[in-house]
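Down below is the structure, laid out as C-alpha cells.
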Ligand SMILES: Nc1ncnc2c1ncn2[C@@H]1O[C@H](COP(=O)(O)OP(=O)(O)OP(=O)(O)O)[C@@H](O)[C@H]1O
Ligand SMILES: [Mg+2]
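Residue numbers (the working numbering): 34 to 291.
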C-alpha cells in the first residue's frame with residue numbers, strides 16, 4: 034500500500050511553559066484538499082512551521098511519502114516538494130510582482146549563475162524562459178496585469194494571490210496555505226475557493242489549508258482537522274466535523290456558525 038503523502042506522528046512542540054502542539058496525528062493523502070480549523074492560538078501556524086522545517090518539534094515525526102523529514106532545513110523540505118504561504122505575507126515589497134515570483138523560480142531552477150552573469154546567449158534565454166514562467170504563474174493567479182507593479186502597491190487580496198504564485202514557483206506537490214482568504218471580501222473569497230480548486234486539479238496538488246472562514250472551508254475541503262489548545266479535537270469530512278459537539282463548543286459556538 035502506498036504511504037500517505039504527508040504523515041504526522043505524535044508531533045508536539047513546547048515554547049517554554051506552553052504546549053503549543055500536543056501528540057498530533059495526521060495523514061494527508063495525495064490529491065486531498067485538507068483543512069485545518071481552530072480558534073486563534075490553537076497551534077495551526079505552528080503546525081505549518083513544523084512541517085516546513087521552520088520550527089523543530091519537541092517530539093514526534095514528520096514523514097513525506099513514508100520517509101522521515103523531521104528536522105530537515107526549510108530549503109531542503111521545499112526542494113522535496115512542499116511549499117507554503119505565510120499568514121503575515123513574506124513578499125519583497127519593493128520588487129515588482131514578476132520579480133517576486135522569479136525569486137521562487139530561481140531557487141527551484143538553480144540557474145547556472147555563471148552563465149547568467151557572463152551574459153551568454155544561453156544565460157539570457159534561460160532568464161527569458163523564467164520570466165515567461167513567472168508571467169504565466171501570475172496569469173494563473175489572475176494578477177497577470179499587475180506584473181510590473183511593486184508588491185507594496187497591491188490590494189491585500191492580490192498580495193495573497195501573489196504569495197500563492199510565489200509558492201507555486203517552486204513546483205510543489207503539497208501546498209500549505211495559511212489563511213489565504215484573510216482580508217478578502219465575500220466575492221473575493223468565493224473566487225479564491227474556485228481558484229484553489231482549479232490550481233489543485235491543474236497542478237495535481239495536495240493542499241493543506243488554514244482558514245477561519247468556516248463556510249469556505251466546509252465547501253472547499255475533502256477532510257478537516259480541528260485544533261484547540263494544541264490538541265486535535267476532531268478529524269473527518271466537513272459534515273462530520275460540523276456536527277461534532279466538541280467542535281461546536283470550542284470553535285463554532287452554540288448552534289454552529291453555518
Ligand atoms: N516561536 C514561538 N515562541 C513562543 N510561543 C509561540 C511561538 N510560536 C507560536 N507561539 C504560541 O503558540 C500558540 C499557537 O500559535 P499559532 O500561531 O500556531 O496559532 P494559530 O492557530 O495559527 O492562531 P491564529 O488563528 O491566530 O493564527 C500561541 O499561544 C502562540 O503565542
Ligand atoms: Mg496562525
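Glycine included, C-beta positions come from ideal geometry on N, C-alpha and C.
Computed from a predicted model, the values in this text were never measured in an experiment.
Check: Can you tell me where the alpha helix (DSSP H) holding residue 237 begins and where it ends?; Outcome: Premise fails: residue 237 is in no alpha helix (DSSP H) and is neither H nor E.
Check: Would you report the Cα separation of residue 238 and residue 256, rounded to the nearest angstrom?; Outcome: 15 Å
Check: Measure the beta-carbon distance from residue 115 to residue 254 and round it to whole angstroms, keeping in mind my assumption that it falls under 8 Å.; Outcome: That belief does not hold up - the Cβ atoms of residue 115 and residue 254 are roughly 18 Å apart, past 8 Å.
Check: What's the gap between the Cα of residue 260 and the Cα of residue 181?; Outcome: 40 Å
Check: Indicate whether residue 71 and residue 77 have their beta-carbon atoms separated by less than 7 Å.; Outcome: yes
Check: Per DSSP, what are the beta-bridge partners of residue 100 in this structure?; Outcome: 97
Check: Is it the case that the region 274-285 contacts the region 87-95, given that we only count it when at least three CB pairs across the two stretches are under 8 Å?; Outcome: no
Check: According to the neighbour-count rule (16 or more other Cβ atoms, all chains shown, within 10 Å of its Cβ), is residue 124 buried or exposed?; Outcome: buried
Check: To the nearest angstrom, how far is the alpha carbon of residue 152 from that of residue 139?; Outcome: 16 Å
Check: Would residue 201 and residue 240 be called neighbours here (beta carbons separated by less than 7 Å)?; Outcome: no
Check: Tell me residue 258's beta-bridge partners as DSSP assigns them.; Outcome: 69 and 268
Check: Quick check on DSSP: helix, strand or coil for residue 120?; Outcome: coil
Check: Could you compute how far the alpha carbon of residue 121 sits from the alpha carbon of residue 64?; Outcome: 26 Å
Check: Report buried or exposed for residue 81, applying the criterion of at least 16 other Cβ atoms within 10 angstroms of its Cβ.; Outcome: buried
Check: Under the DSSP definition of a beta bridge, which residues are partnered with residue 47?; Outcome: 52
Check: Of the residues 271, 280 and 248, which one's Cα is nearest the Cα of residue 262?; Outcome: 280
Check: Measuring from each Cβ to the nearest heavy atom of ligand 1, keep the ones under 6 Å and list them in chain order.; Outcome: 48, 51, 53, 71, 73, 74, 75, 76, 77, 78, 79 and 120
Check: Nearest to residue 264 by CA position, among 156, 51 and 275, is which residue?; Outcome: 51
Check: Could you give the C-beta distance for residue 258 and residue 249, rounded to a whole number, given that I count them as a contact under 8 Å?; Outcome: Their Cβ separation, rounded to whole angstroms, is 16 Å, which puts residue 258 and residue 249 out of contact at 8 Å.
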